[in-house]
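S.K.: Encoded as structure tokens, here's the structure I'll be asking about.
Residue numbers (full-length UniProt numbering), protein chains in the order written: chain U, 1 to 219; chain W, 1 to 219.
Written out as structure tokens, the structure is:
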């Protein structure tokens with residue numbers, strides 16, 4: 001059977017970026033379809049009727065929703081090249097734990113950095129840095145979370161890179177000063193083609209943050 | 001190597017019940033340790049320093065946190081008996097999707113049924129029933145979500161059974177009238193020993209809900 005792979009996505013979605021990186025790591029040919037989130041395509045609504053969200057990976061007509069589930073699916077189906085999850089069940093459980101931590105904790109506290117009002121930002125910043133430091137500890141002296149090679153946790157986490165640089169630019173927080181190991185790790189990830197070509201241009205993200213801050217009144 | 005398995009848990013936790021059912025399904029001997037959540041044990045804080053929550057499965061001294069991750073771990077390590085996840089990657093991704101839906105959606109909207117004030121309860125009830133109906137659709141005419149046998153989604157979902165019966169008792173909502181297929185499925189699950197012996201007595205849950213409603217003023 002021919003492998004027809006379509007990705008319904010939106011350029012700035014860190015969740016979409018995860019799936020893009022996994023597809024690129026495995027070298028899977030696919031059609032990328034940019035969605036207009038204010039006017040979602042009938043295909044998106046049909047393929048993800050529950051959440052109606054991108055990204056959706058469509059493999060031979062069948063949808064896989066939720067980014068971490070899609071990345072695991074890609075890893076299981078295209079298992080000959082660039083394994084993302086370790087084969088050992090314990091190591092695998094730990095990779096899943098940290099990816100889950102990124103979804104449950106990091107996204108929440110990272111978002112607070114630019115949506116909270118001035119007076120709440122100090123607390124938001126502190127919580128954010130503490131949450132990042134836990135991940136730095138988990139990285140330890142490894143090159144990547146996956147060891148010598150990019151793994152599941154790296155794929156889950158690196159899409160936040162550009163957003164963090166956005167915070168930097170707005171002068172509210174220096175991720176690089178506070179978490180130098182995170183910074184060094186992110187730079188190593190960005191050297192990998194599957195990552196760099198899957199992440200959008202930093203200036204475009206910066207402009208978007210400016211626009212969103214204005215639109216929603218977070219100044 | 002001997003398999004030393006310890007479960008740090010709390011009797012009423014639906015997340016803990018998932019791990020209990022998985023251990024029972026596989027017939028894994030283990031030591032159950034009830035935690036006092038107001039005075040957590042040093043072992044719990046050491047084994048789950050990130051979230052400091054039960055359940056924690058400890059296998060030969062190493063912790064696995066987060067219930068769905070622990071259930072997957074159990075399924076992968078003790079893989080000779082009672083498989084919980086399908087082996088086919090697509091079917092596996094769908095089981096993960098629905099288990100994730102239960103965590104993200106069902107727990108949230110179910111909780112609203114007894115924490116919201118009177119005037120908000122009608123909307124909460126409607127949302128809850130709609131969320132359940134999506135799961136009923138997914139079940140379709142299968143015996144269990146896992147097909148002929150208990151599977152990952154069944155294990156993720158059935159711990160809510162007693163709580164739903166609690167809503168019934170309080171007369172706010174008739175889960176059984178609104179979702180008869182859910183009711184029939186839950187009854188089938190409760191016929192299975194690994195489930196029935198892992199779920200607490202219904203009267204104890206009822207008493208707990210009464211106590212919590214009083215304590216937090218949800219009347």
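Built from N, CA and C at the ideal position, the CB exists for glycine as well.
#1: Start and end of the alpha helix (DSSP H) containing residue 134 of chain W?
#2: Would you mind stating whether residue 112 of chain U and residue 131 of chain U have Cβ atoms separated by less than 8 Å?
#3: Which residues bound the beta strand (DSSP E) around residue 59 of chain W?
#4: Could you have a look at residue 28 of chain W and say whether DSSP puts it in helix, strand or coil?
#5: Quick check: what's the CA-CA separation for residue 159 of chain U versus residue 117 of chain W?
#6: At the level of alpha carbons, what is the spacing between residue 222 of chain W and residue 194 of chain W?
#7: What are the partner residues of residue 7 of chain U, as DSSP defines its beta bridges?
#8: On the criterion of 16 or more Cβ atoms from any shown chain inside 10 Å, does residue 88 of chain W qualify as buried, or is it exposed?
#9: Can you pull the chain W neighbours of residue 69 of chain U, defined as C-beta to C-beta under 8 Å?
#10: Who are the neighbours of residue 65 of chain U on chain W, taking C-beta pairs under 8 Å?
#11: Using a cut-off of 7 Å between C-beta atoms, extract the partners of residue 77 of chain U located in chain W.
#12: For residue 181 of chain U and residue 136 of chain U, which I take to be in contact (beta-carbon distance under 8 Å), what is that distance rounded to the nearest angstrom?
#13: Kindly list the residues whose CB is nearer than 8 Å to the CB of residue 197 of chain W, restricted to its own chain and excluding five residues on each side of it in sequence; keep chain order.
#14: Hey, would you say residue 67 of chain U sits closer than 8 Å to residue 144 of chain U, going by beta carbons?
#15: Out of U/107, U/154, U/61 and U/30, state which residue places its alpha-carbon closest to the alpha-carbon of residue 86 of chain U.
#16: In the DSSP output, what is residue 14 of chain U paired with across the bridge?
#17: Is it right to say residue 38 of chain W is buried, meaning 16 or more other beta carbons lie within 10 angstroms of its own, or is it exposed?
#18: Using beta-carbon positions only, say whether residue 150 of chain W and residue 185 of chain W come within less than 8 Å of one another.
#19: So, does the segment 28-46 of chain W touch the segment 88-101 of chain W, judging by three or more C-beta pairs under 8 Å?
#20: Taking the continuous alpha helix (DSSP H) assigned at residue 62 of chain U, which residues delimit it?
#21: Note down, in chain order, each residue of its chain lying with its Cβ closer than 7 Å to the Cβ of residue 165 of chain W, except the 5 sequence neighbours on either side.
#22: Can you list the residues of chain U that residue 134 of chain W reaches, using a CB-CB cut of under 9 Å?
#23: Using a 10 Å radius around the Cβ and a threshold of 16 neighbouring Cβ atoms, would you call residue 105 of chain U buried or exposed?
#24: Could you spell out where the alpha helix (DSSP H) holding residue 92 of chain U opens and where it closes?
#25: Count the other C-beta atoms from every protein chain shown that fall within 10 angstroms of the C-beta of residue 72 of chain W, then say buried if there are 16 or more, exposed otherwise.
M.R.: On the basis of the supplied data:
#1: Under the DSSP assignment, residue 134 of chain W falls in the alpha helix (DSSP H) whose first and last residues are 118-139.
#2: Residue 112 of chain U places its beta carbon 8 Å or farther from that of residue 131 of chain U.
#3: Annotation: the continuous beta strand (DSSP E) that includes residue 59 of chain W extends over 56-59.
#4: Coil.
#5: If you take the alpha carbons of residue 159 of chain U and residue 117 of chain W, they lie about 40 Å apart.
#6: Because chain W is modelled from 1 through 219, residue 222 of chain W falls outside the range shown and cannot be assessed.
#7: The beta-bridge partner set that DSSP reports for residue 7 of chain U consists of U/32 and U/57.
#8: Within 10 angstroms of the beta-carbon of residue 88 of chain W lie fewer than 16 other beta-carbons, which makes it exposed.
#9: Correct list: 93, 96, 97 and 100.
#10: Going along chain W in sequence order, the residues near residue 65 of chain U (Cβ under 8 Å) are 97.
#11: Within 7 Å Cβ-Cβ: 89.
#12: About 5 Å; that satisfies the 8 Å criterion.
#13: When the five nearest sequence neighbours on each side are left out, the beta carbons in the same chain lying within less than 8 Å of the beta carbon of residue 197 of chain W are those of 24, in order along the chain.
#14: The answer is no: Cβ separation not under 8 Å.
#15: Selected option, being the one with the closest Cα: U/154.
#16: In the DSSP output, where bridge partners are listed per residue, residue 14 of chain U has none listed.
#17: Counting other Cβ atoms within 10 Å of its Cβ, residue 38 of chain W stays below 16 and is therefore classed as exposed.
#18: No, these two residues do not count as a Cβ contact at 8 Å.
#19: By the criterion of at least three beta-carbon pairs nearer than 8 Å, the segment 28-46 of chain W is not in contact with the segment 88-101 of chain W.
#20: Note, residue 62 of chain U: premise wrong, no alpha helix (DSSP H); beta strand (DSSP E) at 62-65.
#21: Cβ neighbours of residue 165 of chain W beyond the five flanking positions: 202.
#22: Near residue 134 of chain W (Cβ distances below 9 Å), the residues of chain U are 49 and 50.
#23: The residue in question, residue 105 of chain U, is buried, as its Cβ has 16 or more Cβ neighbours within 10 Å.
#24: First-last of the alpha helix (DSSP H) with residue 92 of chain U: 89-101.
#25: Flag for residue 72 of chain W reads buried.
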